[in-house]
Structures are given as C-alpha cells and as structure tokens.
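Undergrad: For the record, the sequence lines run as chains A and B. Heads up, the first sequence is in the working numbering, so the first residue is 762 and it goes up one at a time. Heads up, the second sequence is in the working numbering, so the first residue is 216 and it goes up one at a time. Before I ask anything, here is the structure I am working with.
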Amino acid sequence: MTIRGTAFIAGAFEHPDRKIPGKSIAQVHAEVALGALADAGLSVADVDAYFCAGDAPGFGPISMADYLGLKRLRFADSTETGGSSYVAHVGHAAGAIATGKCRVALITLAGLPRSQPVPRPSASALAPEAGFEQPFGPTTVSMYALAARRHMHEYGTTSAQLAAIKVAASQHAQHNPNAMLPRAVSAEEVLESPMISDPLHRLDCCVISDGGGALVVVAPEVAAALPRTAVQVLGHGESPKVSAGGPIDLTYTGAVWSGPRAFEEARVTPADVDYASIYDSFTITVLQTIEDLGFCAKGKGGAFVADGSLLAPNGRLPFNTDGGGLCNNHPVNRGGMTKVIEAVRQLRGEAHPAVQVPDCEIAVAHGNGGSLGTRSAAATLILGREDA
Amino acid sequence: MTRPRPSRPALPAQSLPAPPPAVNPETKPFWDATAEGRLLLKRCLDCGSVIWYPRAICPQCASLRTEWFEAAGRGCIYSYTVNHRGEGAYQGSPPFVLAYVELAEGPRVMTNIVGAQESDLDVGLPVELVFHDTGDGAALPRFQAVVPRGDTVPPGTARDPDGGSPGDPH
C-alpha cells in the first residue's frame, strides 16, 4: 500500500507577521487555520481531521478542536517530533485519507517565542537524559556547533562553505517582503558576525520568529472539486535518529533513512527534484541534510553549496526560495511547516518570479526536529505538481 | 560492581557553574558515586554493550539485566564548541567548552572541558576526568587535558587508550 497520489495539499497559509504582540497562541492557530482553509476554498465545517504538535496550547487536539470549533472530527493526530512534526503530519494525513479515515485534514502550527519566550521542551528535568546533559550547559546552538565541528573534522568542511548557505538563503529572502532578514548578505558578513558557539556565528543561525502556518490535505475527489491548484503528495518517510546507548555520531541526520523511504514511495530519485525545502535551523543542518538525502555524496556538501548550487532559479538544487528559516521565518523554532508551504508555492508556480523554478514538477520538503547534537527526528515529503 | 579504584575528590568548579543534575531512582547510584569521585557506567549482562547514558534497559538488546562498573576516566575529545552564549545556570558565564568525550570504554558523553586554552582544544585531544561538586550530593564529571604527572606515565594509562585515536570515525 502507498500514499502516492491518494492525497493532495489543497490549502497553504503562512502567517505574514514575524512579531505578534497582543494575541494568544490559540488565536494565531485560528488565524492560520482560517487562512489555509480559505486558500483551499473550504471552511471549518469541512474539516474532519486535525493535526497539531507541541506548539499547540493546552491538551493537544482536544483543546484546539474545542477552541477552533471543529465539530466533525473523526481523526486526530498530535505526533510531536519537534520541527519535523508538520512534514510528518502531511504523510500521516495522506495515510489516513488513503485508508478512508478522513477526507479533509487541517494541520496548524503557531507560537510566539519572541513575544512570549518559553523554555526548550527537551530541557525538562523529567527527560530520561536530562541529568546527563543539562548540567553541562548545552544550548540549541551549541549542540549544532558540536555537529558542525565534527563534520569539519571528518570531511574538511569550512566555515566559509557553511556561510555560502546563508548567502544563498539571503539572496532569496530579498524578494520576500515578509522576510525577517530581507537583506542579501555576503560570506564575509556571516564570518564576521558574532561567534555564538564556535564554529557557528550569529548568521549561521535561523531567525527566532512569532507566527505560524497551516495546511489543508484532502482526498483526490475533494481536490478535483476545488477551484484552486492543488499539489500531489507523492511520498513520505520519517525516522527518529537515536544513539540508543551506543556512541553518538554527529555527522549525519535521520534523513539517511527518511529520504530513501520517501523517494521510493514517490518513485522518483534525487536527480528528479526541481526544488527542495531543506530544514535550516542552522547552516550545518542544511549541509548534512543535502548529503543525507543524496543530493551529493557524504562529506561533499561543502563543495556542493560553495559553487552556487542552492541558488534559485537556476542552481542545481534551488532551495528555500522564501529565505527559509535562516532569513524569512522559523515560527516557534519549528521550521517544518514553512518548508512545506514554500514547496507548495513552487509547485503551484506562485513563488516570487525572481526565484520561481521554471516548470517545477517535483519538490522535496524536509524537516528535522530535536537536535543534531543529541537526538532528532527527520521527515521527508515528496510533492508533485497537480498534473505531474 | 567492580572493585573501586582510588577516587578523585571533587574540585571546586572555579568560574564554571556546577548546577545539580536531575536525579531519579534509576540514576541515583551514578550520582552517589560521583560524590565519591567515581564515574560509573552500565554494562549489559546479556550482550556486553557498554550503555550511555545509564539506564535500566539495554538499548542494544532490550535486556533488563545490567550492571554498574567503574570507568577509567580517560578518553579523547570527539567534538567540542566554545559556547559564548550560556543559558540557564550558565547565563552570563564567560565562554565555556561543551564537548563530547569518547571514553576509553566506548561511550561518547556530553561534558565540559576545563582548564584548557582555546588554542589547545582539538578533536582527538586526550583528556582525563575531574569532578566538580554541585553542593547537592553529586559532582559533575568534567574533563581536562591529560597532564603527565611526574617523569613517567604509569602502565595502563597511556595517552592513547586504545592504541588508536578514539576520536576518529568508525
């Protein structure tokens, strides 16, 4: 059994704001939910499945379905794998639609880390690993820095190569009027920005933004009846990466497993991909992920990104054409939702004309959750143009 | 448990914070031992795996038969970072070193490197255990660069514990 062709993304909406004072988190979930449903040409009354993750306030889908007035639900899912959750949710929604459990699935993400900062969830004292990590002062940036250092040691990756990733994202962001960092930056500016946790500089890091986004995943007969262009769900894969008591290896991500599963289901290869939304919490996240998804050989990511491969519209692998988490938006410190949204824009031909990939037929949206420095989860989605 | 080796009394943490760890019944023996200057690891009695972080189940073979044993307290840096932006207990701290150290017994453990100049740090650098008292009945296992004591290196404590570089990829 496969989800290939059994579900379509009919609606997508990214909250336009990056700082949202004076609103509640639930309220922003409602705004993005209504935005995505309006984009699809549907209403709250059509929704029969709802998906949310750890950013949703209260008791997951129970609180949120009540708040949003989702009265017809027959399916709910609160898979929580950090920033990759929303990429996984699309796959789960497609599976539920394929097996007849639902027809119209709503996925929401929203939060206010700028206006209302909250602690990192993994810092909970109840986490089984807490005693063996938290006392040593790990921060999100420093754990990715550990991964970057080890990748540099094993493969000769350089800070200048990592900087090229930010440069490409910023080239794209200058066309996005909502981007939090809309100015194109040079590699020198990245390397001269303050060191946060060696070897990662401030400009190796994503932005911290309020906001959110939502998606509507529907059955083929629902998509066919809607006026708006939809996007096909072709394949999905996911995998937590754990060290399971053995020596941790910081040089690769769970994409080594989630990628092949997704490509196999979609019956395409990395060479078929026209556009890629790659999770970009930090520059090193992008570098490891493009290697792990098979866009270049392991250890060759530095050379791949340094020669302009990531630049839209004509690079070998145009990526994150909205500016990504590095420049545009990383709502609630969770970038998976916006990765799917920009892939949908590309496949609809609705990205900014300066970065729209010509004849974009196959796109990847990849999310990572947790930390590359400890334990993480990867989710890969292969999407196709409606007529692909 | 194997016979205890000479303990390493906890040093004051100097400028680095030493926040108390979260302790639960499963991990209490580990932290009690740190207060005595001993670093314990778990070994699976069925498959022989050395388990990190310590837990009741062997994540390699799902056995619940595990035992504590004492680590030698030596290893090499697997990766490190100088963190300029501490958070929580480390907020406002001077830059400090977060690292993974690969122990001679195999596990790669999150820790801090202390007493080193930034220019001395390197992947593969041999390090040895020190304890920093948290003031709460436990001590944090941290590491410092191996410093030869006296004229000779005692047998069994060579700088390169496995005759290779544990920091290298497997």
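C-beta atoms are modelled at their ideal positions from N, C-alpha and C, and glycine is treated no differently.
Do residue 995/A and residue 1143/A count as a contact pair if the criterion is CB distance below 8 Å?
TA: yes
Undergrad: Helix, strand or coil for residue 1009/A, going by three-state DSSP, please let me know.
TA: coil
Undergrad: On the premise that residue 294/B lies in contact with residue 911/A, defined as a C-beta separation below 8 Å, what is that separation, rounded to the nearest angstrom?
TA: 4 Å
Undergrad: Can you pull the DSSP bridge partners for residue 325/B?
TA: 315/B
Undergrad: Is the number of C-beta pairs between the segment 969-981 of chain A and the segment 768-780 of chain A that are closer than 8 Å three or more?
TA: A contact exists between the segment 969-981 of chain A and the segment 768-780 of chain A.
Undergrad: Between residue 850/A and residue 868/A, how many whole angstroms is the CB-CB distance? I'm expecting something under 8 Å.
TA: 5 Å
Undergrad: Taking 8 Å as the cut-off, does the segment 1081-1096 of chain A touch the segment 1053-1068 of chain A (at least 3 CB pairs, one atom from each stretch)?
TA: no
Undergrad: Opposite residue 295/B in the DSSP bridges: which residues?
TA: Assignment of beta-bridge partners to residue 295/B by DSSP yields 314/B.
Undergrad: Can you name the residues of chain A whose CB is closer than 8 Å to the CB of residue 311/B?
TA: 898
Undergrad: Quick one: residues in its chain with C-beta nearer than 7 Å to the C-beta of residue 373/B, no 5 flanking neighbours on either side, listed in chain order?
TA: Residue confidence for residue 373/B is low, a pLDDT of 37 falling below 50, so the modelled location carries little weight and cannot support an answer.
Undergrad: To the nearest angstrom, how far is the alpha carbon of residue 981/A from that of residue 797/A?
TA: 17 Å
Undergrad: With 8 Å set as the bound, which would you pick, yes or no: does the beta-carbon of residue 894/A sit closer than that to a beta-carbon of chain C?
TA: Reference to chain C is not applicable here, since the protein chains of this structure are A and B.
Undergrad: So, under 8 Å CB-CB, residue 1032/A and residue 842/A are touching, yes? Tell me the CB distance rounded to an integer number of Å.
TA: Incorrect: roughly 28 Å between the Cβ atoms, too far for contact.
Undergrad: Output needed for residue 1034/A: all residues of its chain with C-beta closer than 6 Å, excluding positions within five of it in sequence on either side, in chain order.
TA: Closer than 6 Å at Cβ, skipping near neighbours: 1123, 1125.
Undergrad: Under 9 Å Cβ-Cβ, which residues of chain A neighbour residue 321/B?
TA: Within chain A, the residues near residue 321/B are 1007, 1008.
Undergrad: Rounded C-beta distance between residue 872/A and residue 838/A? I'm assuming under 8 Å.
TA: Incorrect: roughly 19 Å between the Cβ atoms, too far for contact.
Undergrad: Tell me whether residue 320/B is buried or exposed, calling it buried when 16 or more other Cβ atoms sit within 10 Å of its Cβ.
TA: Classification of residue 320/B: buried, given that the 10 Å Cβ count is 16 or more.
Undergrad: My output table needs one value for residue 1137/A: the three-state DSSP class, helix, strand or coil.
TA: strand
Undergrad: Distance, Cα to Cα, residue 921/A vs residue 947/A?
TA: Going by the C-alpha atoms only, they are around 10 Å apart.
Undergrad: If you compare alpha carbons, which of 351/B, 350/B, 358/B is closest to residue 340/B?
TA: The residue with the shortest Cα to Cα distance from residue 340/B is 358/B.
Undergrad: Could you confirm whether any beta carbon from chain A is found closer than 8 Å to the beta carbon of residue 369/B?
TA: Here residue 369/B scores only 41 on pLDDT, less than 50, and its place in the model is too uncertain to base an answer on.
Undergrad: Can you pull the DSSP bridge partners for residue 811/A?
TA: 837/A, 867/A
Undergrad: Could you work out which residue in 886/A, 1140/A, 1030/A is closest to residue 997/A when comparing CA atoms only?
TA: When only C-alpha atoms are compared, the closest one is 1140/A.
Undergrad: Which residue's Cα is closest to the Cα of residue 1119/A: 1109/A, 1127/A, 1128/A?
TA: 1109/A
Undergrad: Tell me the residue span of the beta strand (DSSP E) that contains residue 1130/A.
TA: Judged by DSSP secondary structure, residue 1130/A falls within the beta strand (DSSP E) whose first and last residues are 1123-1131.
Undergrad: 8 Å is my cut-off, CB to CB: does residue 283/B come that close to chain A?
TA: no
Undergrad: Which class does residue 274/B belong to by DSSP, given the choice of helix, strand or coil?
TA: DSSP places residue 274/B outside both helix and strand once states are collapsed to three, so it counts as coil.
Undergrad: Please classify residue 221/B as buried or exposed, where buried requires at least 16 neighbouring CB atoms within 10 angstroms.
TA: Its pLDDT being 48, under 50, residue 221/B is placed unreliably in this model, and the coordinates cannot settle the point.
Undergrad: Give every residue of the same chain whose Cβ lies closer than 8 Å to the Cβ of residue 988/A, excluding the five residues on either side of it in the sequence, and list them in chain order.
TA: Non-local C-beta neighbours of residue 988/A in its own chain, meaning closer than 8 Å and more than five positions away in sequence, comprise 802, ordered along the chain.
Undergrad: Quick check: residue 1040/A and residue 1128/A, are their CB atoms within less than 8 Å of each other?
TA: yes
Undergrad: From residue 348/B to residue 236/B, what does the alpha carbon distance come to, in whole angstroms?
TA: 11 Å
Undergrad: By the 7 Å beta-carbon criterion, what residues does the segment 946-968 of chain A contribute toward chain B?
TA: 956, 957, 958, 959
Undergrad: Kindly indicate which three-state DSSP category residue 901/A falls into: helix, strand or coil?
TA: DSSP places residue 901/A in helix when its eight states are reduced to three.
Undergrad: Determine, for residue 1087/A, whether the minimum Cβ-Cβ distance to residues of chain B falls below 8 Å.
TA: no
Undergrad: Which residues share a DSSP beta bridge with residue 308/B?
TA: Note: residue 308/B sits in no beta bridge, so no partner.
Undergrad: Considering only residues of the same chain and omitting the five flanking positions on each side of residue 231/B, which have a CB-CB separation below 6 Å?
TA: 311
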